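Following my numbering, the numbering of the sequence shown begins with 7 at its first residue and continues without gaps.
Note that the Cβ used here is the ideal one computed from N, Cα and C, for glycine as well.
No experiment lies behind these values; they were computed from the predicted model shown.
One structure below.
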Amino acid sequence: MPLLMIKCPHTARPVCTGLEVEASELEQLADVARQVSCNACGMVHTWWKREAWLVDSTGRPLTEPPAILRRPRRVQPNRRCWPPGQRRTGYL
Numbered sequence: 007m008p009l010l011m012i013k014c015p016h017t018a019r020p021v022c023t024g025l026e027v028e029a030s031e032l033e034q035l036a037d038v039a040r041q042v043s044c045n046a047c048g049m050v051h052t053w054w055k056r057e058a059w060l061v062d063s064t065g066r067p068l069t070e071p072p073a074i075l076r077r078p079r080r081v082q083p084n085r086r087c088w089p090p091g092q093r094r095t096g097y098l
């Protein structure tokens, strides 16, 4: 049976909520605050259904994680963020 997962806000690792839910039942699950003891950081986190996704027994995602939880796009470290055609000449 699929497992309901959330993302640890401290380590960004996936954490199992301990709930086994079929994909068809996930829509019926109420979006209320729940708590889980995190095995990634040891703290207790409050989470909502809208923050969760399903994985199978091997850890493969069955539903897409919420967009806010997906890995952010990396920014080039030495890239300047100035408008095109403008150069910064000096420091304030």
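Neighbourhood of residue i by C-beta distance below 8 angstroms, restricted to the same chain and skipping five residues each side
i, result
"aspartate 37", "Trp54, Lys55 and Arg56"
"glutamate 28", "Met7 and Pro8"
Backbone secondary structure at residue i - three-state DSSP
i, result
"serine 43", "strand"
"leucine 32", "helix"
"glutamate 57", "helix"
"valine 21", "strand"
"leucine 9", "strand"
"valine 38", "coil"
"valine 27", "coil"
Status (buried if at least 16 other CB within 10 Å, exposed otherwise) for residue i
i, result
"leucine 35", "exposed"
"threonine 23", "buried"
"methionine 11", "buried"
"leucine 98", "Caution applies to leucine 98, whose pLDDT of 46 falls short of 50 and renders its modelled position unreliable; the value that the coordinates give is listed next. Exposed is the call here."
C-alpha distance - residue i paired with residue j, whole-angstrom precision
i, j, result
"cysteine 6", "arginine 40", "No information on residue 6 is available, as it lies outside the stretch 7 to 98 that the chain covers here."
"glutamate 31", "arginine 19", "24 angstroms"
"tryptophan 33", "methionine 49", "For clarity, residue 33 is glutamate in the given sequence; the question names tryptophan instead. Those two C-alpha atoms are separated by around 27 angstroms."
Neighbourhood of residue i by C-beta distance below 7 angstroms, restricted to the same chain and skipping five residues each side
i, result
"glutamate 26", "Met7, Pro8 and Leu9"
"aspartate 62", "Pro8 and Leu68"
Sequence-distant residues of its chain with Cβ nearer than 6 angstroms to residue i (five each side left out)
i, result
"threonine 69", "Trp59 and Leu60"
"cysteine 44", "Cys14, Val21 and His51"
"histidine 16", "Cys47"
"proline 71", "Trp59"
"threonine 64", "none"
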